[in-house]
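**Q** Before we start, here is the structure in question, set down as structure tokens.
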């Protein structure tokens, strides 16, 4: 499966190829999920949702972030830039990312990230409606120029902090938590917020490397 085929297969289910936000997340996913799945399907690598097709050497990801330099496989001198190696794959037991030709079709799997399924439980009484008046889908907030808010998170309205292995589980926790209006995610740390960007002041956001802020669509 080529990169474009893998990306299209995720888009077909309203998802995107996996993007790792930390080294621990990458390793944990490899050990707890990929190892048994790859063995069962006869796969080898998985595609990661980042390429440098726009600007060589700058790997932009499908969620608006860039590849963390700590995620590259160092024992093979990664990343290898040029020579048509514009995409990235991950071998679960190699402890790092490698560049690859986007057209490679050897046994490479698509692992998709999909937003949580919307809540289908009956609507709560009117006095509680403000807690569940959401679609169940989240996206990265954008600044006034329409660009993804990367490395900025809401800091003055955190109501609960928990540790989750990925953004999808963090979103699910926000959906379940009464009063949660948005969430921050960074290196496994999930912060549930009682406010959104529109309801908070500009001074409520702080810059934190690798921090991502999400709110309901």
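Numbering (the numbering used here), first residue to last: 16 to 232.
Where is the CB? At the ideal position from N, CA and C, for every residue including glycine.
Between which two residues does the beta strand (DSSP E) carrying residue 165 extend?
**A** Annotation for residue 165: the continuous beta strand (DSSP E) segment containing it runs 165-169.
**Q** In or out: residue 159 buried (at least 16 other Cβ within 10 Å) or exposed?
**A** exposed
**Q** Throw me the rounded Cβ distance for the residue 153 and residue 230 pair, which I believe falls under 8 angstroms.
**A** 6 angstroms
**Q** So, does the stretch 191-201 touch the stretch 155-174, judging by three or more C-beta pairs under 8 angstroms?
**A** Result yes; three or more Cβ-Cβ pairs closer than 8 angstroms.
**Q** Assign residue 196 to one of three DSSP states: helix, strand, or coil.
**A** coil
**Q** Return helix, strand or coil for residue 90, following the three-state DSSP convention.
**A** coil
**Q** Looking only at its own chain, which residues have a Cβ that is under 7 angstroms from the Cβ of residue 86, when we skip the five neighbours before and after it?
**A** Within the same chain, and ignoring the five residues on either side of residue 86 in sequence, the residues whose Cβ sits closer than 7 angstroms to its Cβ are 35, 38, 41, 111 and 112.
**Q** Which runs of the beta strand (DSSP E) fall wholly inside the stretch 24-74 and span at least 3 residues, in chain order?
**A** Entirely contained in the stretch 24-74, the beta strand (DSSP E) runs reaching 3 residues are, in chain order, 30-32 and 60-70.
**Q** CB-CB under 8 angstroms to residue 125, same chain, minus the five flanking residues each way: which ones, in chain order?
**A** 16, 20, 21, 22, 24, 25, 32, 61 and 62
**Q** Report buried or exposed for residue 108, applying the criterion of at least 16 other Cβ atoms within 10 angstroms of its Cβ.
**A** exposed
**Q** Taking the alpha-carbon of residue 27 as reference, which of 186, 217, 176 and 128 has the nearest alpha-carbon?
**A** 128
**Q** Residues bridged to residue 123 by DSSP?
**A** 60
**Q** Identify which residue in 202, 224, 185 and 225 has its Cα closest to the Cα of residue 4.
**A** One cannot answer for residue 4 here, as it falls past the ends of the chain, which runs 16 to 232.
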